[in-house]
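In the numbering used here, each residue's number is its place in the sequence shown (first place is 1) plus 210.
Glycine included, C-beta positions come from ideal geometry on N, C-alpha and C.
What follows is a set of notes on a single structure, which appears directly below.
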Amino acid sequence: MYEDWDRLYAEANKLQVPRVEGEVFCFGMGGSGVACEVMSAFYPLLRDMRYADVVIAVSYSGNTRETLEIVRKATSAGKRVVAITSGGALATLPVERIVVRGGDQPRYSFPLLFLPLVKMLRPELTEEVIRGVNANEARRVAGDLLSAIRGRIPVFYASIYLGLAKRFKQEINENAKYPAFFGEIPEVNHNEIEGYAHGSGLFPVVFSSGPLDEVTASLVNAKVIRVSGIRDVSLLIQSAGFLSVMLARELGEDPEKLTRIPEGRRLVERIGS
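If you want it as structure tokens, here you go:
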């Protein structure tokens, strides 16, 4: 699943991407949308689509209801829209498209979704992303974390690299079917840290980019993983995948099988029918 990410990044690097200028709003859900959140550490993405010159929609399947709704609103408002997708309904809308290979779960195809963003918004970082992929080192990092979180519930914290914290949470939820959470620094310093008075079942991890993150780590006695750029992020994203699969195997779960998420999508579709 995650061993061949060097191949996926090489494949993604061959994709042609449009030139993007101006203010950018990037949106998606789940394992697709987290690519936007990881990218936000390296490019100032808008939080409000109304002020965007370009809207980037990321949906691996191309059929995610929430993403399609945003795209339709954006096109109705006359926005330029660029979609990163493998097909689906999104590929039929009047938008610019970067079409990636389909057939896998979005979380396994992260390189195909993330590298086009890098190439559009920060092309000079493309090679650093690719160099960050290292299956052996990612397994080592994952193994260390697995030993630490075994029997506890991980909570991932970050400020600049919040997208990375969210990715770890998502991977453990989906692949291992196990609870995991994430929180944003400094917001958690004003509320969540008090919960650790009775939080012995939690295992906090802080992705640190500076003194503020170190303060949070000291307050909750967290494991600290220091991150200094996109190369580190690339390695850690791969580590999250290995960690979640290792945990899934320990728990006797099939990382590829999903039950509640498809049922949730089915029920949401019924709301709109």
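Relative to P414, the option among L422, I435, P421, H400 whose CA is nearest is I435.
Classified as exposed, Y261 has fewer than 16 neighbouring CB atoms from the shown chains inside 10 Å of its CB. If you ignore the 5 residues before and after R275, its C-beta comes within less than 8 Å of the C-beta of R475, V478, E479, G482, all in its own chain and listed in chain order. At least 8 Å separates the beta-carbon of P321 from that of Y388. With the rule of 3 Cβ pairs closer than 8 Å, the stretch 415 to 431 counts as touching the stretch 367 to 380.
CA-to-CA, the gap between N346 and I471 works out to about 31 Å.
Per DSSP, the beta-bridge partners of F366 are F392, V415.
The beta strand (DSSP E) runs of length 3 or more contained entirely in the stretch 230 to 309 are, from start to end of the chain, 234 to 238, 264 to 269, 290 to 295, 306 to 309. Excluding residues up to 5 positions away in sequence, G373, K376, R377, Q380 lie with their Cβ nearer than 7 Å to the Cβ of V244 in the same chain.
Between G288 and Q448, the alpha-carbon positions lie close to 37 Å from each other. Residues Y318, A345, A348, Q448, G451, F452, V455 of the same chain have their beta carbon placed closer than 8 Å to that of Y212, with the five preceding and five following residues left out of the count. In the DSSP secondary-structure assignment, R436 is bridged to S418. Within the same chain, P321, L322, L325 come within 6 Å of A222 by CB-CB distance, once the 5 residues on both sides are set aside. In its chain, beyond the 5 residues on either side, no residue has a beta carbon closer than 6 Å to the beta carbon of G353. For E347, the enclosing alpha helix (DSSP H) starts and ends at 345 to 359.
Judged by their CB atoms, N385 and A458 are nearer to each other than the 8 Å cut-off. The beta carbon of L356 sits closer than 7 Å to those of L453, M456, L457, all from its chain and outside the five residues before and after it, given in chain order. DSSP places K467 outside both helix and strand once states are collapsed to three, so it counts as coil. Taking the Cα positions, C246 is about 16 Å away from V227.
By the C-beta density criterion, D423 is buried, having at least 16 other C-beta atoms within 10 angstroms.
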